[in-house]
Amino acid sequence: MPISEGDGAQEAQEEGSHKSIFHSEDRTEDCRSSLHTGPKRPWQGTMIRSPGTTMGLPSSPRNPLLLLKDAPQRAVFLHMPDSQHPPHSSRRTFLGATTAAAATLGSAELVYGDHHGKPLRFAQIGCGGKGSSDLAATVSSGGKLIAMCDVDPGRAKGHFNNYKDVPRYSDYREMLAKHKDEIDAVVVSTPDHVHAVAALAAMKLGKHVYVQKPLARTYGECMALLEATKKYKVVTQMGNQGHAGSGLKLWKKMMDDGAFGEVLELHSWSNRPIWPQGMKSYPAETPVPKGLDWDSWVGPMEARPYGKGYLPFSWRGWWDFGAGAMGDMACHNMDPAFWACDLGLPTSIKAEASAPAGVAYPKWSIITFQFPATKVCPKGIKMTWYDGGKRPKPPTGADPRLNVGGNGCMIVGSKTSAMGGSHAGTPRPIAVGNKFNKEAIDKEAAHWRTEHGKLKGTNHHKEWVDAAKKGDINAPGSNFMYAAPMSAALGLGAVALRFPGVELKWDDKSRKFTNHEEANKWVTIDPRKGYDLSV
136 MPISEGDGAQ EAQEEGSHKS IFHSEDRTED CRSSLHTGPK RPWQGTMIRS
186 PGTTMGLPSS PRNPLLLLKD APQRAVFLHM PDSQHPPHSS RRTFLGATTA
236 AAATLGSAEL VYGDHHGKPL RFAQIGCGGK GSSDLAATVS SGGKLIAMCD
286 VDPGRAKGHF NNYKDVPRYS DYREMLAKHK DEIDAVVVST PDHVHAVAAL
336 AAMKLGKHVY VQKPLARTYG ECMALLEATK KYKVVTQMGN QGHAGSGLKL
386 WKKMMDDGAF GEVLELHSWS NRPIWPQGMK SYPAETPVPK GLDWDSWVGP
436 MEARPYGKGY LPFSWRGWWD FGAGAMGDMA CHNMDPAFWA CDLGLPTSIK
486 AEASAPAGVA YPKWSIITFQ FPATKVCPKG IKMTWYDGGK RPKPPTGADP
536 RLNVGGNGCM IVGSKTSAMG GSHAGTPRPI AVGNKFNKEA IDKEAAHWRT
586 EHGKLKGTNH HKEWVDAAKK GDINAPGSNF MYAAPMSAAL GLGAVALRFP
636 GVELKWDDKS RKFTNHEEAN KWVTIDPRKG YDLSV
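The end of the sequence shown is residue 670 by this note's numbering, with every number in the run present.
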């Protein structure tokens, strides 16, 4: 059904419009785009492997032969001259030639997919933008694309052209109904307002799901996905890919080893929005672009006319469709604090914002969450989120000239304070004690650089694919048992943005705000007819 999740210019630069078909298990980020033949074509094919070397036989004579020596980071493309793969050459002829070349590798085995048996058969919902890289990464991790869905064939034409024999749809409900017996899993890479209804539809069919971040826009949608996870026992993963990285592991190790001492404050921030926010009214009605299935794009929300200002990326700024700057980036940048401090749902939230809420998120916001006690934070802990140009100040003991950058997370402790960049970036100590001491900071930083070298990250998509094949619901690090409460907390933070200056008190047992009845109207959505949030 819906159009794929859009990527801003910066996120596209950070994440890559396509990810490598092959990934290093421990340093995925080093080869994100090194195995691509061009901006629109990820490498695809069959692998022939022998000790120390792997040869890739491409699925098309127009793609290069791929030679991997020892590790994926040492990839070499062996492009054949045009005379050796003329347009009329057959795949049989080409594979014959390349297989003969592969004989020089010695005794080899044919390796298909992810080298671990049958591929994971999946359907893709949202094929352009972020959906493009999700699709490529799932295939590279051992998935086999069975069906795909996008409401905008123009935006999805890259994958539609790459997979011409794969059925495509504009309504995910029709796709799931027709292919439910042919698929094992579903990848949801749509705008935020469709995440929950699409994922729930798949989970109720017993399908494993990978869902882009945030898991959903509202608390109620996130809780429905959490309940479905418990009920249907499917393997889940939210798309905050930094969660699988070595940086997050170092945050956790620093916490477990007592490096921070008593945790005093948590901060997270982003340079978003990089799309319009603060609008006072909806766009004027204009004709629906040719080919766009607008009604399916609107999905579970109230029907409305099309207008310029929603697509392909600006939907993020509207209350009805996006989750604002915090929804876009907090699942990445808050992740280290949530994970290391074992946080769940807040007990109170208070927001500051640029202007009262209209139909769109404000241009900037500062949102303060108060979380209850955990084993890591026995007194409870406060976390503050900043966006739209707002940032935290350096903590006591840090260089007062410290530039915290555009995106990041900071844990302030009684012993050590540390900061890391976007997507659960590797932490670095920025303060030791209460007075600035460069020598002490450098010594602490050197120690944790050494410890970081001992840690290995994994590939986020492959983590999910491998777990889905095994039916191991606990293996993915950002499974919905973790991701749903985190996204739900963000959904409650979005409610606070509608009432700036008011401290909202949350009671999770009753699932409502205890001091503001009007705020409770925004805790979940009531999807329009034809869409379902029931578990």
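Even for Gly, the Cβ is constructed at its ideal location relative to N, Cα and C.
Unbroken alpha helix (DSSP H) stretches of 4 residues or longer found wholly inside the segment 246 to 332: 265 to 275, 292 to 297 and 307 to 314, given in chain order. DSSP lists no beta-bridge partner residue for VAL423. Cβ atoms of ASN406 and GLY541 come within 8 Å of each other, at about 3 Å.
For SER557, there is no enclosing alpha helix (DSSP H), as DSSP marks it with neither H nor E.
Under the DSSP definition of a beta bridge, CYS544 partners with SER403 and GLY555.
The beta carbons of ALA363 and VAL670 sit about 5 Å from each other, so the pair counts as a contact at 8 Å. As the crow flies, the alpha-carbon of SER324 is around 12 Å from that of ALA291. Counting the other Cβ atoms within 10 Å of the Cβ of GLY588 gives fewer than 16, which makes it exposed. A direct Cα-Cα distance of roughly 38 Å separates PRO497 from TRP583. Between the segment 467 to 487 and the segment 498 to 512, the count of Cβ pairs shorter than 8 Å is three or higher; the stretches touch.
Taking 3 residues as the minimum length, the beta strand (DSSP E) runs contained wholly in the segment 497 to 531 are 500 to 506 and 516 to 522, in order along the chain.
With contacts defined as CB atoms closer than 8 Å, ALA475 and TRP386 qualify as a contacting pair. About 11 Å separates the beta carbon of ALA334 from that of LEU311, a gap too long to meet the 8 Å contact definition. Non-local beta-carbon contacts of PRO564 in its own chain, meaning distances under 6 Å to residues more than five positions away in sequence, involve THR551, ALA553, ILE576, GLU579 and ALA580 in chain order. Take the alpha-carbon of LYS384 and the one of LEU590: they are about 7 Å apart.
When the Cα atoms are used, SER268 and SER275 turn out to be separated by approximately 10 Å. Exposed is the label assigned to ASN296, since fewer than 16 other Cβ atoms lie within 10 Å of its Cβ. Just measuring C-alpha positions, the residue of LEU427, PRO513 and TRP453 sitting nearest MET436 is TRP453. Annotated three-state conformation of MET373 is strand, per DSSP. Judged by DSSP secondary structure, TRP386 falls within the alpha helix (DSSP H) whose first and last residues are 381 to 391. For ALA488, there is no enclosing alpha helix (DSSP H); the residue is found in the beta strand (DSSP E) stretching over 483 to 488.
For TYR417, the closest alpha carbon among the candidates ALA495, LYS299 and LEU639 is that of ALA495. The beta-carbon distance between SER500 and LEU632, rounded to whole angstroms, is 6 Å. This is short enough to meet the 8 Å contact definition. The C-alpha of LEU446 is placed about 16 Å away from the C-alpha of ALA438. Residue range 639 to 642 is occupied by the beta strand (DSSP E) that includes ASP642. Between LEU625 and PRO349, the gap from beta carbon to beta carbon is short of 8 Å. Contact between TYR307 and ALA336 holds: CB atoms are separated by about 7 Å, below the 8 Å threshold. In the displayed model, PHE648 falls within a strand according to three-state DSSP.
Spatial neighbours of GLY532 in its own chain (CB-CB distance under 7 Å, excluding positions within 5 residues in sequence) are listed in chain order as SER552, ALA566, VAL567, GLY568, ASN569, LYS570 and PHE571. Excluding the 5 residues flanking it on each side, HIS314 has same chain C-beta neighbours closer than 8 Å at ALA258, ILE281, ALA282 and PRO302, in chain order. Here ASP522 is buried, its C-beta having at least 16 other C-beta atoms within 10 Å. Beta-carbon to beta-carbon, PRO288 and TRP450 are separated by about 18 Å, too far to satisfy the 8 Å threshold. The C-alpha of GLU420 is placed about 49 Å away from the C-alpha of VAL547. Its Cα nearest to that of ASP477, the residue ILE516 stands out among ILE516, LYS366, HIS343 and GLN347.
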